[in-house]
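Structure record follows, encoded as structure tokens.
There are 2 protein chains.
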Amino acid sequence: MTGLKIDALTNNASKKPLTVDTVDIKQYLLNCQNRVNHVIETHLPTRALSTTLQEAIRYATLNAGKRIRPALIYATTQALGGDLNHADPAACAVELIHSFSLVHDDLPAMDNDDLRRGKPTCHIAYDEATAILVGDALQSLAFEVLAAEPCHSTPNEKCRLAMIRTLATAIGPMGMAAGQAIDLACEGKTITLSQLETMHALKTGELIRASVRLGALSAGCHDPKILHQLDEFAANMGTAFQVQDDILDIIGDTNVIGKRAGADAALGKATYPALLGLQNAQEKAQTLHQHALEALAFFDHKADPLRHLSNYIITRTY
Amino acid sequence: MTGLKIDALTNNASKKPLTVDTVDIKQYLLNCQNRVNHVIETHLPTRALSTTLQEAIRYATLNAGKRIRPALIYATTQALGGDLNHADPAACAVELIHSFSLVHDDLPAMDNDDLRRGKPTCHIAYDEATAILVGDALQSLAFEVLAAEPCHSTPNEKCRLAMIRTLATAIGPMGMAAGQAIDLACEGKTITLSQLETMHALKTGELIRASVRLGALSAGCHDPKILHQLDEFAANMGTAFQVQDDILDIIGDTNVIGKRAGADAALGKATYPALLGLQNAQEKAQTLHQHALEALAFFDHKADPLRHLSNYIITRTY
Numbered sequence: 010m011t012g013l014k015i016d017a018l019t020n021n022a023s024k025k026p027l028t029v030d031t032v033d034i035k036q037y038l039l040n041c042q043n044r045v046n047h048v049i050e051t052h053l054p055t056r057a058l059s060t061t062l063q064e065a066i067r068y069a070t071l072n073a074g075k076r077i078r079p080a081l082i083y084a085t086t087q088a089l090g091g092d093l094n095h096a097d098p099a100a101c102a103v104e105l106i107h108s109f110s111l112v113h114d115d116l117p118a119m120d121n122d123d124l125r126r127g128k129p130t131c132h133i134a135y136d137e138a139t140a141i142l143v144g145d146a147l148q149s150l151a152f153e154v155l156a157a158e159p160c161h162s163t164p165n166e167k168c169r170l171a172m173i174r175t176l177a178t179a180i181g182p183m184g185m186a187a188g189q190a191i192d193l194a195c196e197g198k199t200i201t202l203s204q205l206e207t208m209h210a211l212k213t214g215e216l217i218r219a220s221v222r223l224g225a226l227s228a229g230c231h232d233p234k235i236l237h238q239l240d241e242f243a244a245n246m247g248t249a250f251q252v253q254d255d256i257l258d259i260i261g262d263t264n265v266i267g268k269r270a271g272a273d274a275a276l277g278k279a280t281y282p283a284l285l286g287l288q289n290a291q292e293k294a295q296t297l298h299q300h301a302l303e304a305l306a307f308f309d310h311k312a313d314p315l316r317h318l319s320n321y322i323i324t325r326t327y
Numbered sequence: 010m011t012g013l014k015i016d017a018l019t020n021n022a023s024k025k026p027l028t029v030d031t032v033d034i035k036q037y038l039l040n041c042q043n044r045v046n047h048v049i050e051t052h053l054p055t056r057a058l059s060t061t062l063q064e065a066i067r068y069a070t071l072n073a074g075k076r077i078r079p080a081l082i083y084a085t086t087q088a089l090g091g092d093l094n095h096a097d098p099a100a101c102a103v104e105l106i107h108s109f110s111l112v113h114d115d116l117p118a119m120d121n122d123d124l125r126r127g128k129p130t131c132h133i134a135y136d137e138a139t140a141i142l143v144g145d146a147l148q149s150l151a152f153e154v155l156a157a158e159p160c161h162s163t164p165n166e167k168c169r170l171a172m173i174r175t176l177a178t179a180i181g182p183m184g185m186a187a188g189q190a191i192d193l194a195c196e197g198k199t200i201t202l203s204q205l206e207t208m209h210a211l212k213t214g215e216l217i218r219a220s221v222r223l224g225a226l227s228a229g230c231h232d233p234k235i236l237h238q239l240d241e242f243a244a245n246m247g248t249a250f251q252v253q254d255d256i257l258d259i260i261g262d263t264n265v266i267g268k269r270a271g272a273d274a275a276l277g278k279a280t281y282p283a284l285l286g287l288q289n290a291q292e293k294a295q296t297l298h299q300h301a302l303e304a305l306a307f308f309d310h311k312a313d314p315l316r317h318l319s320n321y322i323i324t325r326t327y
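Sequence lines, in order, name chains V and F.
Residue numbering for the first sequence follows our numbering, starting at 10 and increasing by one per position.
Residue numbering for the second sequence follows our numbering, starting at 10 and increasing by one per position.
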């Protein structure tokens, strides 16, 4: 893990550049977590119009989330030599969207989960109505963050509009929402590998691809060839992410993964290990990771964080 | 109702200008409905990734909604001499947001309503999970519409970003979502008139004020004095709208208002007639309407549609 420079990455409120030259990917992720947590904190409401809603929003966002999507944004911006300050709004917005999707997916009418990131899910800690409103408000807040008045340290209007378009398309009726609808419709049914891949490409893949794209936009990149290679990377890595998620649902420990192990099987959900067998699923994750790396073949050392993130995604234990 | 010119308003797909010189407000609203329905139709997903979600989205949006918020946008744009083509994205986006809020507010965990716009609510016609996803997807779609690639007939990037900011702020954790949270928290409790006003200012008022503001942005207006007067108009008219809504919940006919009459009382919700008495509530609506008109005192005849809409809002029977 030597050679992974993140000297441009900052990890505290004053945004002082990190001076370490060599870190492992866990340290890199930790730095991204610290950075995006600080950005999220500055955007959460402070005046208490509804104390319950405000508390529940903080509960659903400021927690032990891995912040993989913000890390992908920062790492993509770095890969293109961009300014990480320009990536902050997108990193924050994507994590707010991810948090909103988890809160809604966990609802009784959806996946009915009671544990998330090692704590009771939002509707258990508060109530269903509050959890619905938390998700709704987090989605609005994500777009508010991206649409904030540009200043010297943020991307220009044209770029921000492209970011909003990218994010909205990724999560809307032709993106994440459709994926969740298909997932629910497939519960307890026998589906093919191809159908499973389509569902995941929408449900989790679109937001991961959007994250990489937002990282590129944050760096001011508009080169179609580079954007295509990054999208190839993101598509493969995004599928690998889901394969590993399914594997962890089987071999993972509830205390480690922070959500209820075996939840997929309990809901009669199709998973990669269920369709392919555990070993083949593990091999598939490895193959997808290799394809992701190949897509970055022509990128220099600045793309190392992206490469290491892809490896982390298929080797993580939570 | 003479003198209400809407010659710039179009009402069909070809956007042919209407040539009528004088119409009543119901015809004006009908024209706005036709116009915004066409715009909404062009933005709804056509490729069926999830047939159920797609159907449910159409069910929740293409219905007998009054389209008062789009009408306010068009009327404000007209009041400032703006181009109605520039107002189409905002009119569409606001109605998508309004539809999303109704679908979520009707959920069992929220107001648990079974009738809306004369039809079974979305979670009754489909199911709860679908209704949650419909709301989520409609919110994303609204921002996607506002962030669409600008063309010659649409506002520029700076203006669109201001629109997104306006809309996101109005519905987020310091706006509509907070209003709904306060509304739920107050169920069955005795609250003061001031608390009721605060709740409604957030729950319905913010989106109405945002509509008028979006109409002004669509017309390219940035004059703080004009924006202030329009906001005064919107704040008074928005409160009048809610007072009339509460009155209709008591004196309205379920078959006419299209939602279950008496629903507020059944949930133990505070209303203006409950706190003030029916007659005082009716007088309050009238007074608010007068204040709304006063805020428009220095606007010329082009603001007549806005004036008539304010009157319609306190005299409507559904």
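For each residue, glycine too, the CB sits at the ideal point set by N, CA and C.
**Asked** When you check each C-beta in the stretch 164-181 of chain F against every C-beta of chain V, which residues fall closer than 7 Å?
**Response** Answer set for the stretch 164-181 of chain F: Glu166, Lys167, Arg169, Leu170, Ile173, Arg174, Ala177, Thr178, Ile180 and Gly181.
**Asked** What in chain F is Cβ-close to Met246/V, meaning under 9 Å?
**Response** Using a Cβ-Cβ cut-off of 9 Å, Met246/V is close to nothing in chain F; its nearest Cβ partner there is about 22 Å away.
**Cα-Cα separation, Lys128/V to Gly267/V** = In this structure, the CA atom of Lys128/V is about 7 Å from the CA atom of Gly267/V.
**Item:** CA nearest to the CA of Thr130/V, picked from Asp309/V, Lys167/V, Pro164/V and Thr70/V
**Value:** From the listed residues Asp309/V, Lys167/V, Pro164/V and Thr70/V, the smallest Cα separation to Thr130/V is found for Thr70/V.
**Message:** What residue range does the alpha helix (DSSP H) around Leu53/F cover?
**Reply:** According to the DSSP assignment, Leu53/F belongs to no alpha helix (DSSP H), since it is labelled neither H nor E.
**Prompt:** Under 8 Å between C-beta atoms, does Glu104/F make it to chain V?
**Reply:** Cβ-Cβ to chain V under 8 Å: no for Glu104/F.
**Message:** Considering just the uninterrupted stretch of the alpha helix (DSSP H) at Ile235/F, what are its terminal residues?
**Reply:** Run containing Ile235/F: Pro233 to Ile260, per the alpha helix (DSSP H) assignment.
**Message:** Which residues in chain C have a C-beta closer than 8 Å to the C-beta of Thr296/F? List them in chain order.
**Reply:** You won't find chain C in this structure, because its protein chains are V and F.
**Asked** Helix, strand or coil: how does DSSP classify Leu124/F here?
**Response** Three-state DSSP puts Leu124/F in a strand.
**Message:** Relative to the C-alpha of His209/V, which candidate in Gly188/V, Ala99/V, Tyr321/V and Ala57/V has its C-alpha closest?
**Reply:** Put simply, of Gly188/V, Ala99/V, Tyr321/V and Ala57/V the residue whose alpha carbon is nearest the alpha carbon of His209/V is Gly188/V.
**Asked** To the nearest angstrom, how far is it from the Cα of Ala228/F to the Cα of Ala219/F?
**Response** If you take the alpha carbons of Ala228/F and Ala219/F, they lie about 14 Å apart.
**Message:** If the criterion is Cβ atoms closer than 8 Å, does the pair Asp273/V and Asp262/V meet it?
**Reply:** The answer is no: Cβ separation not under 8 Å.
**Message:** Check whether chain F comes within 8 Å of Arg328/V, counting only Cβ atoms and requiring the distance to be less than that.
**Reply:** One cannot answer for residue 328/V here, as it falls past the ends of chain V, which runs 10 to 327.
**Prompt:** Which whole runs of the beta strand (DSSP E) in the stretch 42-118 of chain V are 3 residues long or more, in chain order?
**Reply:** DSSP runs (the beta strand (DSSP E)) wholly in the stretch 42-118 of chain V: none.
**Request:** Give a yes or no on whether 8 Å exceeds the smallest Cβ distance from Phe308/F to chain V.
**Result:** It does not: the Cβ of Phe308/F has no partner Cβ on chain V nearer than 8 Å.
**Message:** Let me confirm a value: Asn289/F is counted as buried when at least 16 other C-beta atoms fall within 10 Å, else exposed. Which label applies?
**Reply:** Taking all protein chains shown into account, Asn289/F has fewer than 16 neighbouring C-beta atoms within 10 Å of its C-beta and is therefore exposed.
**Prompt:** In angstroms, rounded to a whole number, what distance separates the CA positions of Ile180/F and Ser110/F?
**Reply:** Using only the alpha carbons, I get a separation of about 9 Å.
**Asked** Should Ile260/F go down as buried or exposed, given a rule of 16 or more other Cβ atoms within 10 Å for buried?
**Response** Classification for Ile260/F: exposed.
**Prompt:** Can you give, in chain order, each stretch of the alpha helix (DSSP H) that sits fully within the stretch 167-213 of chain F and has at least 4 residues?
**Reply:** 185-195 and 202-209, all fully within the stretch 167-213 of chain F.
**Request:** Starting from Pro314/F, follow its DSSP beta bridges and name the residues at the other end.
**Result:** Pro314/F has no beta-bridge partner at all, per DSSP.
**Request:** Taking C-beta pairs closer than 7 Å, name the residues in chain F that Ala187/V reaches, listed in chain order.
**Result:** Those within 7 Å of Ala187/V in chain F are Leu58, Ser59 and Leu62.
**Per-residue burial, Leu105/V [other beta carbons within 10 Å of its own, 16 or more giving buried]** = With 16 or more other Cβ atoms within 10 Å, it is buried.
**Message:** Give me the chain V residues within the contact set of Ser220/F, using Cβ-Cβ distance strictly less than 8 Å, ordered along the chain.
**Reply:** None at all; the shortest Cβ gap to chain V is about 16 Å.
**Request:** Using a Cβ-Cβ cut-off of less than 9 Å, list which residues of the stretch 138-149 of chain F approach chain V; keep chain order.
**Result:** Residues of the stretch 138-149 of chain F whose Cβ lies closer than 9 Å to any Cβ of chain V, in chain order: Ala138, Thr139, Ala140, Ile141, Leu142, Val143, Gly144, Asp145, Ala146, Leu147, Gln148 and Ser149.
**Prompt:** Expressed to the nearest angstrom, what Euclidean distance is found between the alpha-carbon atoms of Thr324/V and Gln253/V?
**Reply:** Between the C-alpha atoms of Thr324/V and Gln253/V there is a straight-line separation of about 8 Å.
**Message:** Measuring only the C-alpha atoms, how far is Pro314/F from Leu176/F?
**Reply:** Between Pro314/F and Leu176/F, the C-alpha separation is close to 23 Å.
**Message:** Does Lys329/F pass the burial test, meaning 16 or more other C-beta atoms within 10 Å, or should it be called exposed?
**Reply:** The shown model of chain F, from 10 to 327, leaves out residue 329/F, and the question about it has no answer.
**Prompt:** What does Ala194/V touch in chain F if you count any residue whose Cβ is under 8 Å from its own?
**Reply:** Neighbours of Ala194/V on chain F, chain order: Ser59 and Thr61.
**Element boundaries [alpha helix (DSSP H), containing Gly224/F]** = Element bounds for Gly224/F: Glu215 to Ser227.
**Message:** Let's test the definition: count the other Cβ atoms within 10 Å of the Cβ of Phe152/V and tell me whether it reaches 16, buried, or not, exposed.
**Reply:** Result: buried.
**Message:** According to DSSP, is Pro164/F part of a helix, a strand, or is it coil?
**Reply:** In the displayed model, Pro164/F falls within coil according to three-state DSSP, outside both helix and strand.
**Request:** Using alpha carbons as the reference points, say which of Leu62/V, Leu193/V and Ala84/V lies closest to Asp120/V.
**Result:** It is Leu193/V whose Cα lies nearest to the Cα of Asp120/V.
**Prompt:** What are the partner residues of Pro129/F, as DSSP defines its beta bridges?
**Reply:** Pro129/F pairs with Leu124/F.
**Prompt:** Closest by CA to Gly91/V, which one among Tyr281/V, Ala225/V and Ile256/V?
**Reply:** Per the Cα distances, Ala225/V.
**Own chain partners of Asn20/V with C-beta closer than 7 Å, once the 5 adjacent residues on each side are dropped** = Unreliable placement is indicated for Asn20/V, whose pLDDT of 42 sits below 50; no coordinate value is reported for it.
**Asked** With DSSP run on the structure shown, which of helix, strand or coil describes Tyr321/F?
**Response** The DSSP-derived three-state label of Tyr321/F is helix.
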